[in-house]
Amino acid sequence: MNKVELMMKSLQKAFNQSSDFTVRQVDWREGTSAILCFYSSLVDAKEAQKLLDTIYARLDTNKPFWSETIMTTLKAFSLPQAIEHICNGETLIIIPDTGEMLSLTIVNRVHRNPDEPNNEHVLRGSHEGLVESVETNLALLRKRIHNPSLVVKSFSIGKETNTKAYYLYIDRVIKAETLAEIEKRIDAINIDYFYSVGQLSDELEDSVWSPFPQLLNTERPDRVVANLVEGKVVLITNISPTALIAPVTFFSFYQSPDDYNGRVLVGSFYRIVRLMSFIAAVFLPAFYIAIISFHFEVLPLELSNQVKNDVNEIPYRPLIEALILEIIMELIRESSIRLPQSVGQTIGIVGGLVIGDAIVSAGLVSNLMVIVVALTAISSYVVPSVELNTSIRMLRFPFMVLASLFGFFGIVIGVVVLLIHLINLSSLKQPYFSPIVPFQPKEIYKVFVRGPFFKPTVQVTSFSSPKDDSVKNGDTP
Amino acid sequence: MNFSLSKGQFFLLLFFIETGIIYISFQTPLISESKNKAWVLFIVATILHYLVLLFFERYYRYFYLNTFFQWVYKVYWFLMIATFLAYMVYVLASWVLPQTPEWIIILFIVALSLYGNISRPETVINIGVMFIPLIFIFIIFLMLAVPDLTWTNLLPLEFNNSKEIIQGLIRSVFAFMGAEMYLIYRPFLQKELTLNYKPILIYQLVIFVFYLISVMFSQMFFTIEEIKLVPEPIIYILKSQEVTFVKRLDIFFVYIWLSWSIITVLIFNLTIRVVHFGIGKKGSKKAIVFYHILLAIIPLFFVKFKVIETMKNSFHYIILIFTFLLPILIILWNKWRGKTCIEKQ
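Structure, rendered in structure tokens:
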């Protein structure tokens, strides 16, 4: 067995005789042989052949830089490196006689078109979305920032999967402590198999057990850019269209690109509406349960009679009533996500109208409870972030239980716990509840109002109050 | 313990310390004792308080507590919080939760304090910010009582009874309970920040207006004889307001007062933590947990009508000693010896 055959055998063995792994002996110059190997599933064969023809033509002319093209690299052969190149979708030509290998980077990249993400629709502005390809995503971002200050750094996650991921920031805009912290956390990642962006999120978050997301997920390039210019760091991977943004504040999740694409007053109004929706989404059912169970006397007489008549017909306690409806709501939501879009709408109608009406007629829940739960559901869907939306829906259950046990006292206890938790939270060690913590009276209005587009602002980095009045908090679209 | 305060945070902390818990109740003894001139005496007490704050600002460096006085203050604050907790339970039982066992309410409030105090100090320092809008709501709804007020109740003013004047002043000073914490938190103010008479005056005006509204409204809403029967006049005023959307406005305000008072309890406990562990030390969680277990047990002995009444009738004297006299004495003593707390730290 000659050297070429031996190498081919060892390559086959290294790739576990995989069906899509192609290894072939080819003629090289002056009667010598080389080994061509690649994953047929990852390589654009047609383009690779064209490039190979160019290389052969150059070889015949004996040019000294025959291997130098944009898509080729010649280096000394080493099996681990060869494996890495092939796994990255490159075509490898191993030349046993010289101990070199030539890699052709012609990868057959499979990805969608950069269409608008389904879960982040906007009325005005760009309708492009990130896709499951870093190159396309970077192109979408570089299209918006024509500046070498936009730094893209790569790292791999997963000891076994070796998935490429990237972190992006704008040099001189990002704060040194933010960059140092993200790099520290990236270095500490210890995953064997990386297949979901959620794994990365878990590794980078400050408090995994908190119901509140500490990284902003987005599939919109305009949102990514808006955050980059505010000194935040963005992480993208090759396997998901989701970009993770950090550090963020609680209020970042209530901002939408529409606030900034529209007029100042309109954007501000809807931002306030969204923030108010948080209160309704978390507290409305608890408030209703507290009134019905403990504080009936707060209702005006006319309403109180009506509510009494309505509630007297129901055999269950208000908490059970609320739980029945809330669980039905969650079931409808889950089923409409899993089903095809056309059927999903039908489920919405069946759930909303048929079950809603039937459940009241059957005397399981009262009309008022249907109104309360419907309002709560609508309020929770107002949040522009899917992560926070799910967190809020989950949060109302403990509040409902507290209200049914202790009335308004339970709600007060829950509110204080929630506030302490939110104030304690951090995103990349930076205050999550800024500008409340640290208290910046001059910045609080930005939570509610989207100011005119003069200057982007940056997030505070410490829980201590900023010493300089010019330090601003985040105000990210 | 390591943290720094901005001016806003510092005064917000002081506002919650001074107004929490007693805001709804200090008017009754004041008006009962000093009759129509209560509001004038309160203005005088406010001026005295402002002067004391200026004195504290000038000499706060000399407020060095040795181990003995540290324990004196820790015990004083602990008993004060225990009393406050008992009073909170008592108010809740009278207004909204007559059937809930006292220990459950105390347990929950102490658990909140524990959660807040095992967190970083900034949590307790800043949590009050979230309740600022509620204070405005409180005032706005109090304004609904304006048509029911009898302005002539403020007059006539007679200053010939010195006993009434002294008692009125002492009870007015009750409103500024906890002012000694100015001296505790002042060294934590960011080093480059200076406090002159102006920010202190602004703070004083804010707290003055906030309190004066409550004193004058109570005086104008009730006659002198009526107010003796109403231990929480502000809540009663709110109860008597008729609005279309709710029948019992007072219930909401009892809970606003409760959350506001919980913040005050959290801050008081933070102060004990600051004094116990000192600046720059992190402090042990075990000690904090042990302290809170004690705090959950002791108030249970105070939740009795008689005990609460006795405390209400004698607390202003204790406050006078620990809030004003003792700090002034400590400052003067240390100034004479030339010892400052800054040197020590």
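Chain order of the listed sequences is A and B. If you read the first sequence in my numbering, its first letter stands for residue 35, the second for the next number, and so on. If you read the second sequence in my numbering, its first letter stands for residue 56, the second for the next number, and so on. Yeah, the Cβ is synthetic: ideal placement off N, Cα and C, and Gly gets one too. All values reported here derive from a predicted model rather than from experimental measurement.
**Study point:** Residues in the segment 58-75 of chain B having any Cβ partner in chain A nearer than 8 Å
**Key:** 58, 59, 60, 61, 63, 64 and 67
Exercise for review: Give the interface partners of residue 215 (chain A) over in chain B, defined as CB-CB distance under 7 Å, in chain order.
Suggested key: Neighbours of residue 215 (chain A) on chain B: none; closest Cβ ~17 Å, over 7 Å.
Check your understanding: With distances taken from CA atoms, which of A:131, A:271 and A:263 is nearest residue 251 (chain A)?
Key -> Among A:131, A:271 and A:263, the Cα nearest to that of residue 251 (chain A) belongs to A:271.
Exercise for review: Between the Cα of residue 451 (chain B) and those of B:202, B:74 and B:116, spot the shortest distance and give me the residue it belongs to.
Suggested key: What is shown of chain B runs 56 to 400, which leaves residue 451 (chain B) out entirely.
**Study point:** 9 Å Cβ cutoff, residue 458 (chain A) in contact with chain D
**Key:** Absent here is chain D; the protein component of the structure consists of chains A and B.
Check your understanding: Looking at C-beta atoms only, is the number of pairs between the segment 466-474 of chain A and the segment 63-78 of chain B that lie closer than 8 Å three or more?
Key -> yes
Review point. For residue 167 (chain B), which residues in chain A fall below 8 Å Cβ to Cβ?
Key: 447, 450, 451 and 454
Review point. Looking at residue 335 (chain A) and the ligand SAM, is the gap between the Cβ and the nearest heavy atom below 8 Å?
Key: Among the components of this structure there are no ligands whatsoever, and the ligand SAM is therefore not found.
Check your understanding: Going by Cα to Cα distance, which pick from A:65, A:149 and A:110 is closest to residue 166 (chain A)?
Key -> A:149
Exercise for review: Report all residues from its chain with a CB closer than 8 Å to the CB of residue 125 (chain B); omit the five preceding and five following residues, and keep chain order.
Suggested key: 330 and 331
Exercise for review: Let me know the beta strand (DSSP E) ranges lying completely inside the segment 68-103 of chain A, each 3 residues or longer, listed in chain order.
Suggested key: Complete beta strand (DSSP E) runs here, min 3: none at all.
Practice item. For chain A, find out if any of its Cβ atoms is closer than 9 Å to the Cβ of residue 184 (chain B); answer yes or no. Key: Judged by the 9 Å Cβ criterion, residue 184 (chain B) is in contact with chain A.
Review point. Quick one: what does DSSP say residue 344 (chain A) is sitting in, helix, strand or coil?
Key: helix
Exercise for review: Assign residue 134 (chain A) to one of three DSSP states: helix, strand, or coil.
Suggested key: strand
Check your understanding: What residue does the beta strand (DSSP E) around residue 340 (chain B) start on, and which one ends it?
Key -> It is not in any beta strand (DSSP E) - residue 340 (chain B) instead sits in the alpha helix (DSSP H) that spans 340-352.
Review point. Between which two residues does the alpha helix (DSSP H) harbouring residue 368 (chain B) extend?
Key: 360-374
Review point. Do we get a CB-CB distance below 9 Å when we pair residue 136 (chain B) with the residues of chain A?
Key: no
Exercise for review: Determine the direct distance from the alpha carbon of residue 141 (chain A) to that of residue 507 (chain A), and round the result to whole angstroms.
Suggested key: Legend: pLDDT at residue 507 (chain A) = 42, less than 50; position of this residue unreliable, no value from coordinates given.
Check your understanding: Between residue 68 (chain B) and the rest of its own chain, which residues show a CB-CB distance below 8 Å, the 5 nearest in sequence each way excluded?
Key -> In chain order, 60, 180, 183, 236, 240 and 322 place their CB closer than 8 Å to the CB of residue 68 (chain B), counting only its own chain and leaving out the 5 sequence neighbours on each side.
Exercise for review: Within the same chain, show all residues whose beta-carbon is closer than 6 Å to that of residue 54 (chain A), passing over the 5 residues directly before and after it, in chain order.
Suggested key: Excluding residues within five positions, the ones whose Cβ falls inside 6 Å are 73, 74 and 75.
Exercise for review: Report the neighbours of residue 264 (chain A) on chain B: residues whose CB is nearer than 9 Å to its CB, in chain order.
Suggested key: Ordered by position in chain B, no residue passes the 9 Å Cβ test against residue 264 (chain A), which lies about 23 Å from the chain.
Check your understanding: For the segment 337-408 of chain A, which segments carrying the alpha helix (DSSP H) assignment without a break, of at least 4 residues, lie completely within its bounds, in sequence order?
Key -> 352-372, 375-383 and 390-395
Practice item. Would you list the one or two residues that DSSP bridges to residue 141 (chain A)? Key: A:77
Check your understanding: Within the 9 Å Cβ cut-off, does residue 317 (chain B) reach chain A?
Key -> yes
Check your understanding: Listed from N- to C-terminal order along the chain, which residues in the segment 304-316 of chain B have their beta-carbon within a distance smaller than 7 Å of any beta-carbon of chain A?
Key -> 306, 310, 313 and 314
Exercise for review: Mark residue 161 (chain A) as exposed unless 16 or more other C-beta atoms lie within 10 angstroms of its C-beta, in which case mark it buried.
Suggested key: exposed
Practice item. Using alpha carbons as the reference points, say which of A:196, A:213 and A:197 lies closest to residue 204 (chain A). Key: Of the candidates A:196, A:213 and A:197, the one whose C-alpha sits nearest the C-alpha of residue 204 (chain A) is A:213.
Check your understanding: From this set, A:287, A:315, A:45 and A:91, which residue's C-alpha is nearest residue 421 (chain A)'s C-alpha?
Key -> A:287
Check your understanding: Listed from N- to C-terminal order along the chain, which residues in the segment 137-164 of chain B have their beta-carbon within a distance smaller than 9 Å of any beta-carbon of chain A?
Key -> 147, 151, 152, 155, 159, 160, 163 and 164
**Study point:** CB contact check: residue 174 (chain B) to chain A, cutoff 9 Å
**Key:** yes
Review point. By how many angstroms is the C-alpha of residue 280 (chain A) removed from the C-alpha of residue 267 (chain A)?
Key: 6 Å
**Study point:** Proximity test, Cβ basis, 9 Å: residue 167 (chain A) and chain B
**Key:** Look at residue 167 (chain A): its C-beta is not under 9 Å from any C-beta on chain B.
Practice item. May I have the straight-line CA-CA distance separating residue 110 (chain B) from residue 78 (chain B), to the nearest angstrom? Key: Taking the straight line joining both Cα atoms gives about 25 Å.
Review point. How big is the Cα-Cα spacing for residue 51 (chain A) and residue 228 (chain A)?
Key: Going by C-alpha positions, residue 51 (chain A) is about 23 Å away from residue 228 (chain A).
Point to revise | Other residues of its chain near residue 399 (chain B): CB distance less than 7 Å, five sequence neighbours each side excluded | key: Because the pLDDT of residue 399 (chain B) is 45, which lies under 50, any placement of that residue in the model is unreliable, and the number read from its coordinates should be weighed accordingly. Answer for residue 399 (chain B): 119, listed in chain order.
Exercise for review: Have a look at residue 426 (chain A) and residue 316 (chain A) and give me their C-alpha separation to the nearest angstrom.
Suggested key: 6 Å
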